[in-house]
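Chemist: In my numbering, each residue carries its 1-based index in the sequence shown increased by 54.
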Amino acid sequence: MIREIAIVGNAESGKSLLIHDLEEAQSRLRATGGQSTDADGGFGDVKGGYSDAEGGYGDVELRFDEHLSHEDMDAEHHDAVLQVVDAMNIEESLLLTPSLVDDKHPLVIAITRYDLLEKTGHSIDFARMQELIGVPVVVVSALTGEGVSALLGLLRKVASQPHSFAHPVVHGWEQEDKEAYRAYVEGVLAEVLRHPKSDQSTWSERINRGLTRPLTGFPVLVLILCFVFWATFALGEPVQEWLQGGVDALHDWLTATLPVEWLRSLLADGVVMGVGSLLTALPNIIILFFFLSVMEDTGYMARVAYLMDGVMHSVGLHGRSFIPMLMGFDCNVPAIIAARDIHSPADRALTMLMIPFMSCSARLPVYILFISVFFPEHKALVLGSLYLLGILLSFAFAFIMRRTKWFNQPSDNIINELPAFHIPTLQSIGRHIWFRVSDFLKKISTVVLIASVVIWVLQYFPSQDLSMIEDSWLAAIGRAMEPLMRPLGFDWKLSVCLLTGLPAKEAIAATFAILYNGDLSGTLSPVSAYAFMVFVLLYLPCVATITTLRREINWKWSTFTVFNSVAVAWLMAFVVHAIGTWWFA
């Protein structure tokens with residue numbers, strides 16, 4: 055008998071890891087004929103407010119579905135709901151509870167990271183918590199597995215006897231009344247949360263004060279980012295040069311070996327130079343995302359969001375909006391989805407529209423290629439300026455949009471809770487890096503490879519001679535775009551590169567390598583090169599980002615983003631080129 059369990063909780067609450075542990079525990083039970091093999095001999099010892107989770111449901115198999123919010127699972131059929139609550143961020147986690155209690159499905163609450171809460175001197179009265187909310191409350195550890203088998207037994211019982219676990223408490227709030235929800239949660243915590251008697255601050259509290267006070271927090275943030283951008287190039291350069299040597303050697307070998315001229319040109323000048331130019335940026339990408347993953351896993355990113363709260367309020371938002379924006383440096387799509395956690399509809403939509411200003415990882419190979427060639431003495435400074443420019447423009451966009459009729463609403467309160475510090479694990483960091491690297495390799499082996507072949511075809515025909523590129527189909531397309539791009543200092547080749555970046559920004563670097571045969575030195579002035587990177591930073595998000603915006607907001611705002619991004623990119627590149635040309639004249 056299969057029962058469906060919806061697992062709901064905020065981002066970073068431990069849902070995915072708990073699902074993995076529950077599935078493993080269920081597999082062990084299946085192997086032993088439904089009998090627990092844990093030391094407790096069954097499911098009876100549940101730490102928390104609920105202590106009646108005996109076995110006896112060996113024929114019940116659970117299937118787990120992960121969701122971010124109550125709205126995500128409305129259209130799905132489930133036999134029970136498991137809410138995962140982070141003890142170190144308990145108030146925000148419990149804001150989902152009222153809507154789940156009102157739902158018709160039986161509800162179980164699993165408290166994670168309770169051991170970390172106890173280390174701070176705090177504790178929770180689980181019996182009272184269960185009495186106030188009216189649902190079973192269980193403590194589990196997704197890392198050690200403690201309480202997982204007991205939770206599994208409870209879920210099997212709840213899913214098999216849903217009527218026995220109907221919610222007896224009637225709270226009386228109106229549907230989707232966020233203020234009532236927050237007041238209710240604050241009232242529950244006032245009764246169940248026990249605080250330490252001593253007022254002596256812990257080391258984490260002292261570090262928190264240093265990282266979140268503007269006087270000390272901003273200098274620390276600048277120093278960390280400067281180090282990260284410096285290390286991205288300094289540590290990656292030796293491996294990058296070694297990979298470039300391999301790409302050049304393969305190009306020379308194919309040129310000397312293949313007898314058929316067009317095939318030799320296609321593979322050597324098209325595929326190898328196009329895809330190979332991106333592979334050389336792989337070490338820098340790995341190093342950058344290593345540091346970003348460490349900053350995320352330690353909890354430092356949450357401190358940055360708290361630090362930025364005052365700045366965000368000056369543009370009409372709050373620090374919570376900065377967390378999805380930081381995620382946008384990785385990929386805009388999950389960053390937009392993460393903005394669902396923002397309570398105010400106006401704040402949520404405006405934050406989603408700001409995220410495309412963040413420089414996602416797909417643009418990084420273009421920056422690395424250009425910065426290495428045109429700004430070898432100021433690599434970290436130039437790379438950091440591009441990320442900073444995206445943030446500043448997003449603030450300016452929010453400041454303007456906040457004063458329009460669509461977003462002219464009061465913002466939510468400031469952030470009042472911070473997650474605990476963590477020691478990042480190599481497994482977590484490795485998983486994050488591999489996810490980005492595998493996505494990068496998948497793109498260059500599909501979209502970029504196809505784009506490289508298409509660019510070679512357009513460059514090779516109709517003359518069938520790469521030395522006559524000015525007479526190619528590619529040149530004709532570029533010259534049609536050139537009048538619009540000439541005020542920015544872009545010739546037809548730069549214009550074509552921007553066109554190939556529409557399906558995937560990584561294809562821009564591949565197109566450059568094909569058009570200039572891997573050697574960009576002397577092709578552009580530093581001013582034009584920087585203006586080009588600014589345009590790449592701001593113009594047209596990828597198709598997946600536009601699609602996500604349409605789904606999360608509506609098609610009107612996704613269409614607005616397309617035209618707005620092109621207009622802002624053109625204007626900023628024009629300003630950079632004009633000022634740079636005047637300054638260095």
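Think of the CB as a built atom: it goes at the ideal place given N, C-alpha and C, for glycine as much as any other residue. Note that the structure is a prediction, hence the values are computed from the model and not measured.
Sort out for me which residues DSSP pairs D119 with in a bridge.
Modeler: Answer is A60, bridged to D119.
Chemist: Since T599 and P378 should fall inside the 8 Å C-beta cutoff, what is the C-beta to C-beta distance between them, to a whole number of angstroms?
Modeler: Contact flag wrong, Cβ pair sits at about 13 Å.
Chemist: Is DSSP giving T166 helix, strand or coil here?
Modeler: It is a strand residue.
Chemist: At 3 residues or longer, and completely inside the stretch 524-560: list those beta strand (DSSP E) runs for me, N to C.
Modeler: Taking only runs of at least 3 residues, no beta strand (DSSP E) segment lies wholly in the stretch 524-560.
Chemist: What is the C-beta distance between L154 and Q137, in whole angstroms, given that I count them as a contact (C-beta under 8 Å)?
Modeler: So it is a contact: roughly 6 Å between Cβ atoms.
Chemist: Opposite L380 in the DSSP bridges: which residues?
Modeler: BP columns for L380 are empty, so no partner.
Chemist: Please classify D140: is it buried, with 16 or more other beta-carbons within 10 angstroms of its beta-carbon, or exposed?
Modeler: Burial call: buried.
Chemist: Is the stretch 545-562 close to the stretch 572-592, with three or more CB pairs under 8 Å?
Modeler: They touch, by the three-pair rule.
Chemist: Could you pull out every residue in the same chain whose Cβ sits closer than 7 Å to the Cβ of N462, ignoring the five residues on either side in sequence?
Modeler: If we look at N462 and ignore the five residues flanking it on each side, its Cβ neighbours are R456.
Chemist: Mark L548 as exposed unless 16 or more other C-beta atoms lie within 10 angstroms of its C-beta, in which case mark it buried.
Modeler: Answer is buried; the Cβ neighbour count reaches 16.
Chemist: Within the same chain, show all residues whose beta-carbon is closer than 8 Å to that of D253, passing over the 5 residues directly before and after it, in chain order.
Modeler: Reliability fails at D253, whose pLDDT of 49 lies under 50, so the model's placement of it is uncertain and the value that follows must be treated cautiously. Within the same chain, D253 has no close Cβ partners at all.
Chemist: Near H441, which residues of its chain fall below 6 Å by C-beta distance, leaving aside the five closest residues on each side in sequence?
Modeler: The question names His, but residue 441 in the sequence shown is Tyr. Excluding residues within five positions, the ones whose Cβ falls inside 6 Å are S413.
Chemist: By DSSP, does S81 sit in helix, in strand, or in coil?
Modeler: It is helical.
Chemist: Using CA coordinates, which residue listed in I390, W611, A563, E259 is at the minimum distance from V329?
Modeler: V329 has its Cα closest to that of A563, out of I390, W611, A563, E259.
Chemist: Pull up the DSSP beta-bridge partners for D363, would you.
Modeler: In DSSP, D363 forms no bridge with anything.
Chemist: Please state the DSSP three-state secondary structure of W637.
Modeler: In the structure shown, W637 sits in a helix (DSSP, three-state: H, G or I).
Chemist: Quick one: give me the first and last residue of the beta strand (DSSP E) that L371 is part of.
Modeler: Segment: none, L371 is in no beta strand (DSSP E) and carries neither H nor E.
Chemist: Based on DSSP bridge pairs, tell me the residues matched to D519.
Modeler: Per DSSP, none; premise fails for D519.
Chemist: In the DSSP assignment, the beta strand (DSSP E) including L140 goes from what residue to what residue?
Modeler: The amino acid at residue 140 is misidentified as Leu; the sequence shows Asp. Taken as a continuous stretch (DSSP letters only), the beta strand (DSSP E) holding D140 covers 134-140.
Chemist: If we count Cβ pairs, one from each stretch, closer than 8 Å, do we get three or more for the stretch 286-301 versus the stretch 330-339?
Modeler: These segments touch.
Chemist: How many whole angstroms separate the CB atoms of D75 and G199, which I take to be in contact at a CB cut-off of 8 Å?
Modeler: Right, the Cβ-Cβ distance comes to about 6 Å (below 8 Å), so this counts as a contact.
Chemist: Cα separation between G484 and V491?
Modeler: For G484 and V491, the distance between alpha carbons rounds to 10 Å.
Chemist: Pull the bridge partners of V276 from the DSSP assignment, please.
Modeler: Note: V276 sits in no beta bridge, so no partner.
Chemist: If you run the structure through DSSP and keep just helix, strand and coil, what is S398?
Modeler: It is coil, neither helix nor strand.
Chemist: Rounded to a whole number of angstroms, what is the C-alpha to C-alpha distance between K559 and K173?
Modeler: Their Cα atoms are separated by approximately 46 Å.
Chemist: Mapping DSSP to helix, strand and coil, what is L71?
Modeler: Looking at L71 - three-state DSSP - the assignment turns out to be helix.
Chemist: I need the straight-line Cα distance from W609 to L297, nearest angstrom please.
Modeler: Answer to the nearest angstrom: the Cα atoms are 43 Å apart.
Chemist: For C385, which of F494, S517, G353 has the nearest alpha-carbon?
Modeler: Taking only the C-alpha atoms, the option nearest C385 is F494.
Chemist: Looking only at its chain, what residues have a beta carbon closer than 6 Å to the beta carbon of G634, apart from the 5 residues adjacent to it on each side?
Modeler: Excluding residues within five positions, the ones whose Cβ falls inside 6 Å are V581.
Chemist: Use the C-beta contact count for V224: other C-beta atoms within 10 angstroms, 16 or more gives buried, fewer gives exposed.
Modeler: In this prediction, V224 scores a pLDDT of 49, lower than 50, which makes its location untrustworthy; the coordinate-derived value is nonetheless stated afterwards. The residue is exposed, with fewer than 16 neighbouring Cβ atoms inside 10 Å.
Chemist: So, are the CB atoms of F614 and L435 less than 9 Å apart?
Modeler: No, the pair does not count as a contact, with Cβ atoms beyond the cut-off.
Chemist: Based on DSSP bridge pairs, tell me the residues matched to R456.
Modeler: The partner list for R456 (beta bridge, DSSP) is empty, contrary to what the question assumes.
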